[in-house]
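To start, the structure itself, in structure tokens.
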Amino acid sequence: MYAVSVLFLAYGLTGNLLIAGAVLFVEYGVYTATFLVAPIVDRAHDKRTILLVCFPIQAAAAGALAYELHAGTLTVGVLLGLVFVLALLWDFDWAVFVVAPPIVLEKRQLFVAEGFGSIISVGTQVGGYAGGGALVYLVGPFGGATAYAGLLIAATAVAVPLALHVAESPRTSFWVTFRRGWDSFRGAAGRSLRQLGGLEVFVGFFSAVPPLLITAIAYQRFATPSAVYGPLVTAFAVGGSVAGVAVGHLNPRRHVGWLLVLTPTAAGACLLALAPPFPSIVVLALLLAGVGAALAVRYIARYTWLQGTYPPELLGRLGANLYFFTGVSGSIAVLVVGTISVGISLGTLLVIDAAGLLVGGLVALALPQIRRMAF
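First residue of the sequence shown? That's 762 in my numbering, and the numbers climb one at a time after it.
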């Protein structure tokens, strides 16, 4: 609901894609700081404590956003400040979610668990995106911000009974813990991580752009953007959720590398097909579902490989360090796209992003450590 509301709100404040790009720039940029947050998460004996601290503060920030919208006093500066707070605390939450599966599961269950999680997420994603889109249409972004605050309060309650204890959390100082997270990228043993990090710099740049392009499609190709924005982002989310269920059922733990080759290629092909204007929202929705499916499978593949390859006490740092490459590249991408959108047509932006993802698939194919990834 927050994701739907905040991008629509950002574009609607000024009618400028650059502001929407700035919101994503703040989000993605702050997410890169997870590599500094992750040593704290890894050092925590009970990961649940982090959720119980972060969720209520996030709820307060979302509530402040809803209040400012209701009062009509929201400015771009306040919006970006609240986005910053929400994104910073999400760094802690996300690191916990990366660490949690191997704490309670065996390696052979990780892909299956991702599929099971995707079954749940089908409902929550459809409900969140469709509900967020409906709230945008009926009452404006205020509804999404209010709902997000309420859901974060509910999440706090749900987190109370969780058991996320680790037997051996790092006992070294922060900086020693921090450095050990980067040690895994060194030497012959770190070659796969280095190649994956390099691939993330390239593919992460182009895979960060589709949410921004969906917002532009709704505003630039339809007379009533609030009526179509919800269905389009819902299709994107549903594609990702359904694909997550499928990849969990197939459990392709021996073919992770080929997923990293094929998924950016598939996403690029769908985006390329989006470049010409389509009169049918159904066609747009199907293509966006394809993009969402490909990018979701790519995300699941790389982090499930990480969970199946490295010990739980390292995962917070390794996941965050890997995301550092994706986040820096993606934050630059959305700011660049928002800036150049003034002088470049939407169709051209779609072609450029599609071409980048297609090339990303070829780059993955050319890297032997990527092709051979398995666990």
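The C-beta atom is built at its ideal place from N, Cα and C for all residues, glycine as well. This one's a predicted model, so the numbers in the text were calculated from it and none came from an experiment.
Does DSSP classify residue i as helix, strand or coil?
i: H1010; result: helix
i: H926; result: strand
i: P931; result: coil
i: R1133; result: coil
i: L866; result: coil
i: S953; result: helix
i: S968; result: helix
i: T793; result: coil
i: R940; result: helix
i: G1053; result: helix
i: G948; result: coil
i: G776; result: coil
My assumption, with CB atoms under 8 Å, is that residue i sits in contact with residue j. Please give the rounded CB distance.
i: G782; j: V1095; result: 5 Å
i: I1131; j: L957; result: 7 Å
i: L960; j: A1125; result: 6 Å
i: P1037; j: G1108; result: 7 Å
Near residue i, what residues of its chain come up, given a Cβ to Cβ distance below 6 Å and the 5 sequence neighbours on each side ignored?
i: L1057; result: Note that residue 1057 corresponds to Ala in the displayed sequence, not to Leu. G1001, A1004, G1005.
i: F967; result: D1114, G1117, L1118
i: A861; result: L925
i: T793; result: F1085, G1088, V1089
i: L1028; result: Residue identity differs from the one stated: residue 1028 is Ala in this sequence, not Leu. Excluding positions up to five away in sequence, the list reads V1052, A1055, L1056, L1118.
i: R952; result: Q1130
Per DSSP, which residues does residue i bridge with? Please list them.
i: D702; result: Since the first and last residues shown for the chain are 762 and 1136, residue 702 lies out of range.
Can you list, in chain order, the residues of its chain whose CB lies under 7 Å from that of residue i, leaving out five sequence neighbours each side?
i: A811; result: For clarity, residue 811 is Ile in the given sequence; the question names Ala instead. V802, A805, F853, V857.
i: A1046; result: P992, L993, A996
i: Q909; result: Here residue 909 turns out to be Tyr, not Gln, going by the sequence shown. Cβ neighbours of Y909 beyond the five flanking positions: M762, Y763, A823.
i: Y1064; result: V859, G1080
i: L835; result: E829
i: F903; result: A827, L830, H831
Going by beta carbon distance, what residues of the same chain come within less than 8 Å of residue i, once the five residues before and after it are set aside?
i: V784; result: V767, L768, A771, L840, L841, V844
i: L1020; result: V1008, P1013, V1058, R1059, A1062
i: A874; result: P862, L866, G1009
Using a Cβ-based criterion (distance less than 7 Å to any ligand heavy atom), does residue i qualify as near the ligand ATP?
i: L770; result: Annotation note on the ligand ATP: not contained in the displayed structure, which lists no ligands.
TODO: Counting only runs of 4+ residues fully inside the stretch 971 to 1004, write out the alpha helix (DSSP H) ranges in chain order.
DONE: 971 to 982
- [ ] Mind listing, in chain order, the continuous alpha helix (DSSP H) runs of no fewer than 4 residues lying wholly within the stretch 808 to 841?
- [x] 809 to 832
TODO: Tell me the start and end of each unbroken beta strand (DSSP E) in the stretch 1007 to 1049 that is at least 3 residues and wholly inside, in chain order.
DONE: none
Task: Uninterrupted beta strand (DSSP E) stretches inside the stretch 1055 to 1108 (no shorter than 3 residues) - done: none
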